[in-house]
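Novice:
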Amino acid sequence: MNAELSNKTPDPMDVALGASVRIRRRTIGMSQEALAEQCGVSFQQIQKYENGANRISFSRLVQIARALRCRVVDLMDVLDTSGAEIGGDIDMLSRIRTPGALELLTAFERLPQEARASLVNLLRTLTETDTSGMRARQRELA
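Using numbering that gives the first Met the number 0, read the sequence shown as starting at 0 and increasing by one per residue.
1) One question on the structure: do Leu101 and Arg24 come within less than 7 Å of each other, judged by their Cβ atoms?
2) Go through its chain and collect everything with a Cβ distance to Asn1's Cβ below 6 Å, but skip five positions before and after it.
3) I need the DSSP call for Leu110, collapsed to helix, strand or coil.
4) Report the rounded CA-to-CA distance for Ser5 versus Ile45, giving the unit in angstroms.
5) So for Leu67, helix, strand or coil by DSSP?
6) If you drop the 5 nearest sequence neighbours on each side, which residues of the same chain put their C-beta closer than 7 Å to that of Glu3?
7) Do you know how far the Cα of Val71 is from the Cα of Leu60?
8) Is the CB-CB distance between Val14 and Gly39 below 7 Å?
9) Entirely within the stretch 5 to 63 and at least 4 residues each: give me those alpha helix (DSSP H) ranges in chain order.
10) Identify which residue in Tyr48, Ala106, Pro111, Leu67 has its Cα closest to the Cα of Pro11.
11) Is it buried or exposed for Val119, if we count other Cβ within 10 angstroms and need 16 for buried?
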């Protein structure tokens, strides 16, 4: 086997599809173990699918969609856009894979609009201050 192929990073499309599966699974409150059992694979295989490390065959995608009680196209919507749009969708899906991001988004959706706006402003201030502070410290060290 060619060394280039064995060290290849996951294709962004595989990562996006895997992220879509993870989001749907977590949205309905299903564990990786439960999904794996319904599909006849190990939970480690589900992890690999969700991370984009292993490609999902079409027959497996149909099994996954049935287990997740959705249509195959529901999982593939992110892939059905133009090249420019898909980059943003993949970026968004990869951010949602950050530990705690989905829980944070779920809690955020439950907040009243005013609280959402306040929280967003607070987070902007915290991240701008942190970034500005880091830049100032870097200048001091230089």
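Just so it is clear, CB atoms sit at the ideal spot from N, CA and C, and this is done for glycine as well.
Specialist: Looking at the coordinates:
1) Not closer than 7 Å, so no.
2) Note on Asn1: pLDDT 46, under 50, position unreliable in the model; the coordinate value appears next. Closer than 6 Å at Cβ, skipping near neighbours: no residue.
3) Looking at Leu110 - three-state DSSP - the assignment turns out to be coil, as it is neither helix nor strand.
4) Any reading at Ser5 needs caution, since the residue's pLDDT is 48, under 50, leaving its predicted position unreliable; the model's value is listed next. Take the alpha-carbon of Ser5 and the one of Ile45: they are about 20 Å apart.
5) In the structure shown, Leu67 sits in coil (DSSP, three-state: anything other than H, G, I, E or B).
6) A caution first: Glu3 carries a pLDDT of 47, below 50, which makes its placement in the model unreliable, though a value can still be read off. The same chain holds no residue with a CB closer than 7 Å to that of Glu3 once the five nearest residues on each side in sequence are set aside.
7) In a straight line, the C-alpha of Leu60 is about 7 Å away from that of Val71.
8) The answer is no: Cβ separation not under 7 Å.
9) Taking only runs of at least 4 residues, the alpha helix (DSSP H) segments lying wholly in the stretch 5 to 63 are 11 to 26, 31 to 38, 42 to 50.
10) The residue with the shortest Cα to Cα distance from Pro11 is Tyr48.
11) Under this definition Val119 is an exposed residue.
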